[in-house]
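A.B. asks:
Residue numbers (my numbering): 84 to 353.
Dropping the structure here:
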């Protein structure tokens with residue numbers, strides 16, 4: 084397909100729509116995208132109806148992918164979400180070939196705008212990110228069933244499974260009902276939530292304490308275990324005492340039992 088036609092088809096799908104019988108808009112679309120006269124005349128003779136069916140199908144597929152990922156966010160925002168979805172398609176359009184990436188790209192597009200839009204609740208991005216992370220984690224590798232975690236060493240980084248994320252929210256969106264018709268607002272409460280894929284391939288969630296969240300954040304970034312605990316305690320203004328060490332030992336043992344932690348990274352892997 085000639086480059087001009089490829090650009091025109093992208094503009095048709097993601098740009099502003101027009102009525103099937105609006106030949107002026109059809110001609111303007113062809114001219115705007117530099118379609119040569121031979122192709123333009125063929126398209127004008129055929130009309131816009133089939134082209135607009137194609138537009139509807141592609142946009143519908145993208146919207147369904149987003150709705151499958153963040154149904155509650157879409158339902159709560161309603162027409163405001165529709166407006167941002169249309170803006171995303173018109174101003175950026177999907178960059179990845181994978182449908183699972185569309186929601187992430189959409190939320191990255193919306194991130195600069197939602198905090199200053201009075202129509203968008205302060206918790207909306209937290210809820211959308213919470214819903215969307217399930218798709219990301221579900222598509223990554225879990226620990227194989229039956230695999231045994233290795234020992235941990237204070238001087239080495241910790242090896243986690245690929246399918247794990249530490250999410251931080253300003254609102255307790257993880258406690259909201261799964262009902263798409265529910266409109267209860269979440270509590271304003273800083274939250275650290277570990278999201279991981281179990282060996283049984285289920286996405287699971289573990290809310291952590293503020294200090295544990297700081298430690299896990301550093302561990303997931305690749306810091307050695309002992310250094311991560313010390314730095315997190317310093318950041319939180321907490322002494323590295325027996326209660327902290329015992330608590331972290333229990334947490335890490337729990338994560339190993341859950342299949343989220345694999346052991347220590349060897350020196351050559353760190």
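Where a beta carbon is used, it is the ideal one built from N, C-alpha and C, also for glycine.
On a Cα-Cα basis, can you pick out the residue from 197, 116, 243 that is closest to residue 346?
C.D. replies: Checked all of 197, 116, 243; the closest Cα to residue 346 is 243.
A.B. asks: Would the C-beta of residue 318 count as close to the ligand PLP, meaning under 7 Å from any of its heavy atoms?
C.D. replies: Judged by which ligands are present, the structure shown has none, so any question about the ligand PLP falls away.
A.B. asks: Helix, strand or coil: how does DSSP classify residue 224 here?
C.D. replies: Of the three classes helix, strand and coil, the one that applies to residue 224 here is coil, per DSSP.
A.B. asks: In terms of residue numbering, what span does the alpha helix (DSSP H) encompassing residue 126 cover?
C.D. replies: 120-129 is the span of the alpha helix (DSSP H), which, as asked, contains residue 126.
A.B. asks: Taking the CB atoms as reference points, tell me whether residue 248 and residue 220 lie closer together than 8 Å.
C.D. replies: For residue 248 and residue 220, yes; Cβs fall inside 8 Å.
A.B. asks: Note down, one range per segment and in chain order, each beta strand (DSSP E) of at least 3 residues found wholly within the region 187-248.
C.D. replies: The region 187-248 contains these whole beta strand (DSSP E) runs: 241-243.
A.B. asks: Nearest to residue 101 by alpha carbon, out of 119, 135, 286, 117?
C.D. replies: Of the listed residues, the one whose Cα sits closest to residue 101 is 135.
A.B. asks: Should residue 348 and residue 282 be called a contact, given that it needs their Cβ atoms to be closer than 8 Å?
C.D. replies: Not a contact, by the Cβ cut-off of 8 Å.
A.B. asks: Three-state secondary structure (DSSP) at residue 350?
C.D. replies: With a pLDDT of only 45 at residue 350, under 50, the local geometry of the prediction cannot be trusted, and the value read off the model is given with reservation. DSSP places residue 350 in coil when its eight states are reduced to three.
A.B. asks: Using 8 Å for Cβ pairs, my map puts residue 319 next to residue 297. What's the rounded Cβ distance?
C.D. replies: Residue 319 to residue 297, Cβ: 6 Å. Contact.
A.B. asks: Within this structure, are the beta carbons of residue 274 and residue 251 separated by less than 8 Å?
C.D. replies: Contact: yes.
A.B. asks: Taking the straight line between their C-alpha atoms, what separation do you get for residue 153 and residue 237?
C.D. replies: In a straight line, the C-alpha of residue 153 is about 39 Å away from that of residue 237.
A.B. asks: Use the C-beta contact count for residue 279: other C-beta atoms within 10 angstroms, 16 or more gives buried, fewer gives exposed.
C.D. replies: Residue 279 should be labelled buried.
A.B. asks: Tell me whether the beta-carbon of residue 277 lies closer than 8 Å to the beta-carbon of residue 257.
C.D. replies: Not a contact, by the Cβ cut-off of 8 Å.
A.B. asks: Restricting to Cα atoms, I'd like to know which of 207, 246, 88, 253 is closest to residue 161.
C.D. replies: If we check each option's Cα against that of residue 161, 207 comes out closest.
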